[in-house]
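Using the working numbering, the letters of the sequence shown correspond one by one to residues 563 to 671.
Some notes on the structure that comes next.
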Amino acid sequence: MVREKRLYANANTLKLAQLLESGSSVAVIDVRSAGEWGGGHIEGALHIPVDELERRLSEVPRDGTPLYLICASGGRSAAAADLLGQRGYLHVHNVEGGMQAWRGAAVQG
């Protein structure tokens, strides 16, 4: 059985929060729908719905900045992270648990 190599890494919301708080140079890309985005999002995130990502690749930084993709729970962002990896983007991360985990961490922390 041949296993395909995953072209992205998983990251948890704590890691992303630490990076953002420290001022690290990262790009957060929210791949949820416009309605979901309107219900709240991470400050400074770039909004590119997953179904628009392929045609909006020119908006995604290609300068080596670590990319953190987020959706509601992690499924769409994993698909988006895989797409970016296939297109040659480096330092691509899927935020596990998505905005559900992000909001949960904010409530607890």
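We treat Cβ as the ideally placed atom computed from N, Cα and C, and that holds for glycine.
Between G666, L652, R649, R638, which lies nearest to R594 when the distance is taken from Cα to Cα? As a first step, residue 594 is located in the sequence shown; it is residue number 32 there, counting from the start. Residue R638 is the option with its Cα nearest to R594.
Q.
To the nearest angstrom, how far is the alpha carbon of G666 from that of T575?
A. For the purposes of this step, residue 666 is identified with residue 104 of the sequence shown, where counting begins at 1. For the purposes of this step, residue 575 is identified with residue 13 of the sequence shown, where counting begins at 1. So the alpha carbons of these two residues sit roughly 9 Å apart.
| Buried or exposed by the 16-neighbour rule on C-beta atoms within 10 Å, applied to Q670 | Counting from 1 along the sequence shown, the entry for residue 670 is found at position 108. Because the pLDDT of Q670 is 45, which lies under 50, any placement of that residue in the model is unreliable, and the number read from its coordinates should be weighed accordingly. Q670 comes out exposed.
- Consult DSSP for Q670 and reduce its assignment to one of helix, strand or coil. In the sequence shown, counting from the first residue as 1, residue 670 sits at position 108. Here Q670 scores only 45 on pLDDT, less than 50, and its place in the model is too uncertain to base an answer on.
- Message: Helix, strand or coil, according to DSSP, for L615 in the structure here?
- Response: What you label residue 615 is simply residue 53 of the sequence shown in a count that begins at 1. Of the three classes helix, strand and coil, the one that applies to L615 here is coil, per DSSP.
Next on the checklist: Which complete beta strand (DSSP E) runs does the segment 575-642 hold, if anything under 3 residues is left out?
Outcome noted: 589-592, 629-632
Exercise. Any idea if G585 is buried or exposed, counting beta-carbon neighbours within 10 angstroms, 16 or more meaning buried?
Worked result: Locating residue 585 in the sequence shown gives position 23, counting from the first residue. So G585 counts as exposed.
According to DSSP, what are the bridge partners of H655?
Against the sequence shown, residue 655 aligns to sequence position 93. Answer is A571, Y630.
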